[in-house]
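If you're matching them up, the sequences are chains A and B in order. Take the first sequence: its letters are residues 13 to 225, numbered as in the working numbering. Take the second sequence: its letters are residues 13 to 225, numbered as in the working numbering. For every residue, glycine included, the Cβ atom is placed at its ideal position computed from N, Cα and C. Written below as structure tokens is the structure these notes are about.
2 protein chains.
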Amino acid sequence: MAAQKSAQPAPGKHAPDSARRSEKSRRAIYDAALALVVEAGYPKTTIEGIAARAGVGKQTIYRWWSSKADVLMEAFLDLAERSAPDAGPESYTFPDTGDIAADLKLVLRATVDELRDPRFEAPSRALAAEGVVNEQLGRELVAKLMQPSLDLYITRLRAAQEAGQVRPEIDPRIALEFFVSPLAQRWLQHTGPISYEYTDTLVDYALHGLAPR
Amino acid sequence: MAAQKSAQPAPGKHAPDSARRSEKSRRAIYDAALALVVEAGYPKTTIEGIAARAGVGKQTIYRWWSSKADVLMEAFLDLAERSAPDAGPESYTFPDTGDIAADLKLVLRATVDELRDPRFEAPSRALAAEGVVNEQLGRELVAKLMQPSLDLYITRLRAAQEAGQVRPEIDPRIALEFFVSPLAQRWLQHTGPISYEYTDTLVDYALHGLAPR
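Rendered as structure tokens:
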């Protein structure tokens with residue numbers, strides 16, 4: 013659920029004028045797709061509806077994307093990218109200061125900020141809700157929007173294992189869920205408030221365990 | 013997400029014949045509500061639609077429930093209750109054998125079984141998905157369907173604190189999320205497979221911590 017960044021290639025190579033027009037259309041399509049999924053919900057969002065709202069032909073959309081799921085996921089990735097305008101494609105990395113607790117807390121605080129950002133809230137919820145009942149879309153959301161972040165957790169936790177800060181027998185893919193899943197559930201299912209203090213607590217509890225040492 | 017049980021009062025007090033008719037109507041209404049929310053989704057499920065499918069008058073539904081959310085949640089609780097036919101209203105309790113690890117593993121294995129039960133899958137997903145985008149419904153789902161289970165975790169973790177098996181400074185409301193949230197996210201968002209081995213691992217990691225002791 014952390015800020016996902018992805019180096020999405022600009023669609024196609026064009027001469028400057030054409031590129032400007034393309035960029036304008038692409039932006040209009042993203043805006044239309046995000047607005048529609050929030051207003052109408054995922055099932056009622058169609059390529060036709062996105063095209064009409066964006067003021068482009070349906071074929072313009074089909075030239076660049078194969079489905080509404082593709083358009084929406086790319087629109088969402090673009091939204092995440094624009095929220096960190098100074099950041100290049102490689103900028104979203106997991107910090108490694110050598111202190112796993114501090115690094116996890118920093119990343120989770122950034123995730124809290126993102127989840128509270130009203131620009132993300134409605135489209136994120138609309139896509140996540142559909143993913144709950146639509147397994148194929150759900151799996152695409154995981155692969156395209158979540159997995160890149162999860163992989164960064166895995167890499168950082170492996171480094172912490174090498175540094176002796178995480179036990180060697182721990183499976184990082186499962187361990188990362190102590191950081192990601194409680195926050196995701198509070199946000200998705202409205203099971204509790206989210207705050208820096210809360211995510212800091214998750215990190216301390218997970219690293220040190222609930223049982224006495 | 014564990015099996016929730018609730019002592020739902022039978023609707024009203026009636027003479028035997030009337031009670032039999034009422035029980036038959038109530039069952040038909042529950043079945044219709046669950047079937048419709050799966051087929052049409054929550055937004056398109058209406059009291060009128062439930063009444064028509066159940067073969068009862070709209071007023072019959074309004075006599076017993078104030079909203080479609082109420083009907084659905086009660087239908088869902090009833091489904092959970094019927095799945096354990098020998099169990100009385102008090103039967104859903106958290107085991108306390110004195111071994112917190114064993115008790116957590118047992119409860120989570122039962123939750124895995126429930127999440128894999130095809131009777132629960134579709135209606136649970138339909139309600140959960142709507143709760144993601146509909147905060148009011150989401151909060152009702154938490155209060156009526158989830159909170160009773162969460163309270164049992166809290167009580168059991170407090171007993172473990174008294175027994176010296178969980179550190180006294182731990183907040184049980186947060187700690188329980190290490191058991192409940194990873195499993196819920198894998199199930200809701202299709203982020204990974206669920207199994208007994210997986211939930212056993214969650215319990216071991218959470219109790220002993222990720223960091224070396």
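Task: Nearest candidate by alpha-carbon position, reference residue 42 (chain A), set A:57, A:90 and A:114 - done: A:90
Task: is_contact[residue 124 (chain B), chain A] using C-beta, thresh 9 Å - done: no
TODO: Jot down the residue ranges of each uninterrupted alpha helix (DSSP H) in the region 185 to 211 of chain A, minimum 4 residues, whole runs only, in chain order.
DONE: 189 to 201
- [ ] Could you tell me whether any Cβ in chain A is nearer than 9 Å to the Cβ of residue 221 (chain B)?
- [x] yes
Task: Distance between residue 157 (chain A) and residue 87 (chain A) (C-alpha atoms, nearest Å) - done: 11 Å
Task: Residue from B:74, B:205, B:67 and B:191 whose Cα sits closest to the Cα of residue 147 (chain A) - done: B:205
Open item on the list: Just checking: is the beta-carbon of residue 183 (chain A) within a distance shorter than 9 Å of some beta-carbon in chain B?
Closed with: yes
Open item on the list: Among the candidates B:120, B:77, B:78 and B:224, whose CA atom is the shortest distance from the CA of residue 175 (chain A)?
Closed with: B:224
- [ ] Compile a chain-ordered list of the residues in the region 70 to 92 of chain B whose CB is closer than 9 Å to at least one CB of chain A.
- [x] none
TODO: Name the two residues that bound the continuous alpha helix (DSSP H) containing residue 130 (chain B).
DONE: 130 to 145
Task: Secondary structure of residue 76 (chain A), DSSP reduced to three states - done: helix
Open item on the list: Let's test the definition: count the other Cβ atoms within 10 Å of the Cβ of residue 208 (chain B) and tell me whether it reaches 16, buried, or not, exposed.
Closed with: exposed
Open item on the list: On a Cα-Cα basis, can you pick out the residue from A:82, A:161 and A:75 that is closest to residue 57 (chain A)?
Closed with: A:82
TODO: Output, in sequence order along the chain, the residues in the region 139 to 161 of chain A whose CB is closer than 8 Å to any CB in chain B.
DONE: 140, 141, 142, 143, 144, 145, 147, 150, 151, 153, 154 and 158
Task: Whole-angstrom distance between residue 171 (chain B) and residue 36 (chain B), CA atom to CA atom - done: 42 Å
Open item on the list: Could you check whether the Cβ of residue 130 (chain A) sits closer than 9 Å to any Cβ belonging to chain B?
Closed with: no
- [ ] Take residue 199 (chain B) as the anchor and find which of A:182, A:154, A:180 and A:210 has the nearest alpha-carbon.
- [x] A:154
Task: residue 133 (chain A) and residue 92 (chain A) closer than 9 Å at C-beta - done: no
Task: C-alpha gap between residue 72 (chain B) and residue 131 (chain A), whole angstroms - done: 43 Å
Task: Buried or exposed by the 16-neighbour rule on C-beta atoms within 10 Å, applied to residue 105 (chain B) - done: exposed
Open item on the list: Within 9 Å of any Cβ in chain A, is that where the Cβ of residue 169 (chain B) sits?
Closed with: yes
TODO: Report the three-state DSSP secondary structure of residue 226 (chain A) (helix, strand or coil).
DONE: Lying outside 13 to 225, the shown extent of chain A, residue 226 (chain A) is not represented and no answer is given.
- [ ] Output yes if chain B places a C-beta closer than 9 Å to the C-beta of residue 164 (chain A); else output no.
- [x] no
TODO: Could you name the residues of the region 192 to 206 of chain B whose beta carbon sits closer than 7 Å to any beta carbon of chain A, in the order they occur along the chain?
DONE: 193, 194, 196, 197, 200, 201, 202 and 203
Task: Chain-order list of residues whose beta-carbon lies under 8 Å from that of residue 60 (chain B) (same chain, five-residue window excluded) - done: 70
Open item on the list: Taking CB distances under 9 Å as the criterion, tell me whether residue 213 (chain B) reaches chain A.
Closed with: yes
Task: With 16 other Cβ atoms within 10 Å as the buried cut-off, status of residue 52 (chain B) - done: exposed
Task: Neighbour-count burial assignment, residue 180 (chain B), 16 or more Cβ in a 10 Å radius - done: exposed
Task: Start-to-end residues for the alpha helix (DSSP H) that takes in residue 181 (chain A) - done: No alpha helix (DSSP H) contains residue 181 (chain A), which DSSP labels as neither H nor E.
Open item on the list: Distance cutoff 9 Å, beta carbons only. Does residue 62 (chain A) sit that close to anything in chain B?
Closed with: no
- [ ] Going by CA-CA distance only, name the one from A:45, A:218, A:163 and A:215 that's closest to residue 68 (chain A).
- [x] A:45
Open item on the list: Quick check: the Cα distance between residue 116 (chain B) and residue 166 (chain A), rounded to an integer number of angstroms?
Closed with: 26 Å
Task: Residues of its chain near residue 194 (chain A), where Cβ-Cβ distance is below 6 Å and the 5 sequence neighbours each way are ignored - done: 214
Open item on the list: Just to confirm, is the Cβ distance from residue 222 (chain B) to residue 190 (chain A) under 9 Å?
Closed with: yes
- [ ] Return the CA-CA distance between residue 119 (chain A) and residue 141 (chain A), expressed in angstroms with no decimal places.
- [x] 24 Å
TODO: Express the C-alpha separation of residue 220 (chain B) and residue 220 (chain A) in angstroms, rounding to a whole number.
DONE: 7 Å
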